[in-house]
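See structure below.
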Amino acid sequence: MPETEGIKWSPQSWMDNLRSSIEGRAITQLFMVGAHNTGTDAIHMFSPFGLDAPEAIYGMNEGVAFLLRFLTAGVSSRWARCQSMSARQLLNHGVRYLDLRLTAGANGIDRIYTTHFHASLPLKEIIVDVKNFLETPTCGNEFIILDFQHFYGFTDESMGKFVEELSPLSDYLIPSNVPLTTPLSTLWRSSATQRVFLVVKPTIHHPAARLRGWALRSIWLDELQLEALLERLNRLLTRELVDAPDERVPSKLYV
């Protein structure tokens, strides 16, 4: 990141505030805060199990599953609730990468929910949070990455419903034919509203959808100590991003 000392910035609008320092870079060259399992803030002790739960648990009679959640005093729900903030609150605090996992038809309900072992929020609520954030005058120049990396229990019909539920963001989604290597200055200049990169794991028919395998690289390193993990990540990113041959702009996001 270029020198930003002396520049006043706010978590709600840090990209716009730091525009003079980052506008020559691509989104793949920025270090930003992300949120693991976004949308799990609504999980509580009696939240139904999602389709990502083990089949032996998800397939239980609902009465038995309810009793299991009660007897374990919400241990699984506390583990599953990775975030205490809503998507809007995360964005307000400067998060720009949202990791989202979805379940369709959880507990027999014909709706799409965020999930992490337990079903949490309707996807529609996340979409509204993102839209309302970008409609806030001070936040309209912030770029956001929506990474939909798991789709549990989805059929062709529910995938179609997923595409429909993205429609409130139609004016904000960056078309997939715009390279991730495009300088932010070009993105700001070419559209007054397009600020969201849509990344999905399966192939869907949507002009903004970027296939996850082509758009990003997710690195998992097994380390027991935080210091050792940070050291390995720093070496890896320095080698692959900063020291890229001929100062080549990375073509993928690293998350």
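Everything in the sequence shown is counted per my numbering, starting at 848 for the first residue and increasing by one.
Beta carbons are placed, not taken as given, at the ideal position from N, Cα and C, and that holds for glycine.
Taking the C-beta atoms as reference points, Thr961 is found nearer than 7 Å to Gly886. The Cβ neighbour count for Glu989, taken over all protein chains shown within 10 Å, is at least 16; the residue is labelled buried.
Taking a contact to require three or more Cβ pairs closer than 8 Å, the stretch 1008-1016 and the stretch 1066-1083 do not qualify as touching. Glu1004 and His1053 have their C-alpha atoms some 15 Å from each other. Annotated three-state conformation of Ile959 is strand, per DSSP. In terms of Cα proximity to Trp1035, the closest of Ile1021, Ile992, Phe1001 and Ile959 is Ile1021. Of the residues Ala873, Lys855 and Gln930, the one whose Cα lies closest to the Cα of Arg1042 is Ala873.
For the pair Pro1026 and Ser1098, the Cα-to-Cα distance works out to about 8 Å.
DSSP, reduced to helix, strand and coil, places Asp1018 outside both helices and strands of the structure shown, so it counts as coil. Under the three-state reduction of DSSP output, Leu981 falls in the helix class.
When the Cα atoms are used, Ala1055 and Ser1023 turn out to be separated by approximately 4 Å. Here DSSP, grouped into helix, strand and coil, assigns Ala927 to helix.
If only uninterrupted alpha helix (DSSP H) runs of at least 4 residues are considered, those enclosed by the stretch 1019-1068 are 1031-1037 and 1059-1062. Under the three-state reduction of DSSP output, Gly987 falls in the coil class, being neither helix nor strand. Residue pairing by DSSP places Thr950 opposite Tyr960 and Tyr999 in a beta bridge. The three-state secondary structure of Gly1007, taken from DSSP, is helix.
Distance from the CA atom of Lys971 to the CA atom of Ile959, rounded to whole angstroms, is 8 Å. Straight-line spacing of the CA atoms in Val1010 and Thr1050 works out to 11 Å. The shortest CA-to-CA distance from Gln996 to any of Leu1080, Leu1100 and Lys1048 is the one to Lys1048.
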